[in-house]
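Chains as they are written, first to last, in numbering that gives the first Met the number 0: chain A, 0 to 367; chain B, 0 to 367. We put the CB at the ideal spot given by N, CA and C, even for glycine.
Number of protein chains: 2
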Amino acid sequence: MRVVYSPVHLGHAVTMQTVLGERVPANEVAARAERIRATLLADGGFAVAEPTEHGPGPILAVHDAGILRFLEEAWPAARASGHPYDHLTPEAIMAAGMTEGMAERFRHETPAPDGRPGYWAFDTSTPILAGTFAAARAAVDTALTAVDLVLDGGETAAYGLCRPPGHHAARSMYGGFCYLNNAAIAAEEIARRTGEPVAILDVDYHHGNGTEQIFWRRADVLYVSIHAHPDRAYPYVLGWEDEVGEGLGEGYTLNLPQPAGCTNEQFLDALDLALYRISAEEGSVVVVSLGLDTYRLDPIGDFALTTDAFHEAGRRVAALGRRLVILAEGGYHVPSLGENARAWLRGAEGRPFDPRPALDPGAAWDAA
Amino acid sequence: MRVVYSPVHLGHAVTMQTVLGERVPANEVAARAERIRATLLADGGFAVAEPTEHGPGPILAVHDAGILRFLEEAWPAARASGHPYDHLTPEAIMAAGMTEGMAERFRHETPAPDGRPGYWAFDTSTPILAGTFAAARAAVDTALTAVDLVLDGGETAAYGLCRPPGHHAARSMYGGFCYLNNAAIAAEEIARRTGEPVAILDVDYHHGNGTEQIFWRRADVLYVSIHAHPDRAYPYVLGWEDEVGEGLGEGYTLNLPQPAGCTNEQFLDALDLALYRISAEEGSVVVVSLGLDTYRLDPIGDFALTTDAFHEAGRRVAALGRRLVILAEGGYHVPSLGENARAWLRGAEGRPFDPRPALDPGAAWDAA
């Protein structure tokens, strides 16, 4: 399988994040993508190439122009204003209830460098660093290059090793380690170029609230997600069973939230349901938001999946018989990320999975 | 003047807060109210008494029942769930754009103790501690007891030494060191009991976004605020000149944002404008949101007011000839808070101000 990867992500050098008001070591670190890339290269069956530039057009088909402008300007403006930290993190956020009963035009985007992030962000765990904007743009190009490989390059499937991830980013919001929604931008591009409906299958541990919001009222992009129930898990406010879309989009969002401890069997049963729903719609391409934080050792997840299940999941998704644009999302147990991605992708190719912990030096993780 | 004060605020023992993603020493500390109380007692012209309980009724006339329930349950639930910190601070916040295009019923309030704050909070600098709910309730009782003194007790003016402050708290949101909106609850109670229109004069350095939101569509409660322009200052999203109210409330919000370095003269000119607007409406009672963070040494403000200006401001407000319910809001230069409050309140009583730094031991602050 062809793998798209850009080293530009390394400039998004996150080391710390703010969670529940405390500064803690970051989960969404550069080593994640590096581990996956190294393991796929060592496998021998994957060819890694850099993305091509696609410009802002496909981004603006999905996102508000204001958030793209903000992401570009935020860090230089903060530095010029004497911002004291090596990250830009919001304090006050334009929460829904702040302007309850007020017309939208009264929500002002302040030019103040320290205040402006609160207009576009929804959490504190998604810092803007010097290299963040370039990395977010490169992640979009990574996704769009994977689309090119499938639509124009004759590939049945391609893997975009996107970092930062994207599925929490909404039309006009960033958060959840995500700045621009790689999967949504890819799906929109596929819909535009093929004229067909597109399905997005989101198997990240966390609900892809951004992707859901972007396509909420559309019938031409089906969003199906398997994730931890928001009654206990981030992003909490969305991802509930009753969210089915509205207007033309009613019935084109399907959330399958799972309990803590979700086993291989529970997950694969939910996956069968998701695939059944996808197979009911037309379309020849599926975008997969491939989070690996459903793994049993993930530090911020509570699912119980083993590496075998990733291989089987890839196999079942490929059995849809559709072309696959597979994009990296979350997954924070770095030692296992390479092997779990490799298992999934080999499953999607119909290749057997040969556990080779030696590809991940010192990887005794699955015995932990 | 009668002063209402409750020692229950001491249980809201804030020492640290999260600002721009970093954990820093708190500004909204218990010493603030203690300094004011001690200085007023030393003056000899003020009589301090504790508030009486008023129950939840007046709170629910202004706030969503859900936020009151949340504030009561949040800390016990967090502690029972093994929350690791001595404060509860949100990570992901239900920002406006998260559910853009979606019906309000899809905004879910998760029961998860670590996620639920994000449904009701709009910033990270307003922690919930073990003693927060009791203190917030006592601050409301403090405000309502000041109302009683004026409406039933024959007082021309009374001072409620509320802590935590209130003016950032909206109908269904807490933030900005505020949990329940003491001034809004007092104004609503005055409107109900007098049948008259009520004016709220907010002279805190920060815009009282919560008070504005609560009365945005009402003509019976006029909101007039002098504050730092949100193009550079918290809360950023609100406090702009074009916010004048909507519907029946159009024309009943007046924002007078000021530039950095705002002098005594600029501030008193804005105050004259505010008082002129207030005098154009009926009503015999004015609620004053008395922040002292306009002082020239305030650590988070950038105005240039001196203690003299506070005395003069109190004098001019009293010259309206209306009864005054004066409630404490912000102000973070602890060494000066007592003297500045004393200056304002003596002005409001028509008493001269005699600078007595000796009342604040070691107070060489004004020479700093």
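Going by DSSP in three states, residue i sits in which element: helix, strand or coil?
i                 : result
Asn254 of chain B : strand
Ala73 of chain B  : helix
Ala30 of chain B  : helix
Ala366 of chain A : Note that Ala366 of chain A scores a pLDDT of 46, beneath 50, so its modelled location is shaky; the value from the coordinates is reported in the next line. Here Ala366 of chain A sits in helix by DSSP.
Ala232 of chain A : coil
Ala137 of chain B : helix
Gly248 of chain B : helix
Ala183 of chain A : helix
Ala190 of chain A : helix
Ala142 of chain A : helix
Gly361 of chain B : In this prediction, Gly361 of chain B scores a pLDDT of 46, lower than 50, which makes its location untrustworthy; the coordinate-derived value is nonetheless stated afterwards. Of the three classes helix, strand and coil, the one that applies to Gly361 of chain B here is coil, per DSSP.
His8 of chain B   : helix
Arg355 of chain A : coil
Spell out the partners DSSP gives residue i in its beta bridges.
i                 : result
Val287 of chain B : B:Leu200, B:Ile325
Asp122 of chain A : B:Ala91
Ile127 of chain B : B:Leu87
Pro24 of chain A  : A:Met15
Val2 of chain B   : B:Val47, B:Tyr158
Tyr331 of chain A : Answer is none; Tyr331 of chain A lacks a bridge partner.
Gly174 of chain A : A:Cys177
Ala169 of chain A : A:Met172
Starting from residue i, trace the beta strand (DSSP E) both ways and give me its first and last residue.
i                 : result
Tyr222 of chain B : 220-227
Along chain A, in chain order, which residues have C-beta atoms closer than 8 Å to that of residue i?
i                 : result
His86 of chain B  : Gly20
Ser171 of chain B : Gly96, Glu99
Which bits of chain A does residue i rub up against, with CB to CB less than 7 Å?
i                 : result
Asp113 of chain B : Leu19
Pro126 of chain B : Gly20
Need the endpoints of the alpha helix (DSSP H) that residue i sits in, please.
i                 : result
Tyr275 of chain A : 263-278
Pro57 of chain A  : 56-59
Phe105 of chain A : Note, Phe105 of chain A: premise wrong, no alpha helix (DSSP H); not H, not E.
His310 of chain B : 306-317
Gly209 of chain B : 208-213
Trp239 of chain B : Note, Trp239 of chain B: premise wrong, no alpha helix (DSSP H); not H, not E.
Which residues of chain B have a Cβ atom closer than 7 Å to the Cβ of residue i, listed in chain order?
i                 : result
Ile35 of chain A  : Under the 7 Å cutoff, chain B gives no residues; its nearest Cβ is about 26 Å from Ile35 of chain A.
Thr123 of chain A : Gly20, Glu90, Thr123
Trp215 of chain A : Gly100, Met101
Tyr118 of chain A : Val236
Gly174 of chain A : Ala91
Glu368 of chain A : Nothing about residue 368 of chain A can be read from this structure; chain A reaches only from 0 to 367.
Name the chain B residues that come within less than 8 Å of residue i, Cβ to Cβ?
i                 : result
Thr109 of chain A : Pro229, Asp230, Arg231, Tyr235, Val236
Gly130 of chain A : Result: empty, since nearest Cβ-Cβ is about 17 Å, beyond 8 Å.
Asn208 of chain A : Met97
Could you list which residues in chain B have their beta carbon closer than 9 Å to that of residue i, in chain order?
i                 : result
Arg106 of chain A : Ala95, Val236, Leu237
Gln212 of chain A : Gly96, Met97, Thr98, Glu99, Gly100, Met101
Glu245 of chain A : Gly100, Met101, Ala102, Phe105
With residue i and residue j assumed to form a contact (beta carbons below 8 Å), what rounded beta-carbon distance in angstroms separates them?
i                 : j                 : result
Ala91 of chain B  : Asp201 of chain A : With a Cβ gap of about 17 Å, Ala91 of chain B and Asp201 of chain A do not count as contacting.
Asn180 of chain B : Leu326 of chain B : With 8 Å as the limit, Asn180 of chain B and Leu326 of chain B do not qualify as a contact, their Cβ atoms being about 10 Å apart.
Ala185 of chain B : His8 of chain B   : Actually they are not in contact, since the Cβ atoms of Ala185 of chain B and His8 of chain B sit about 17 Å apart, beyond 8 Å.
Glu280 of chain A : Leu344 of chain A : In fact, because the Cβ distance is near 24 Å, the residues do not count as touching under 8 Å.
Cys177 of chain B : Ala168 of chain B : 4 Å
Thr306 of chain A : Glu338 of chain A : 6 Å
Thr193 of chain A : Ser288 of chain A : So it is not a contact: roughly 19 Å between Cβ atoms.
At a threshold of 7 Å, does residue i count as lining the ligand FMN (C-beta to nearest heavy atom)?
i                : result
Glu52 of chain A : Ligands in the displayed structure: none, and consequently the ligand FMN is not present.
List the residues of chain A whose Cβ lies closer than 9 Å to the Cβ of residue i, in chain order.
i                 : result
Glu242 of chain B : Met101, Phe105, His107
At a Cβ threshold of 8 Å, is residue i touching chain E?
i                 : result
Asn254 of chain A : Given the protein chain composition of this structure (A and B), no chain E is represented.
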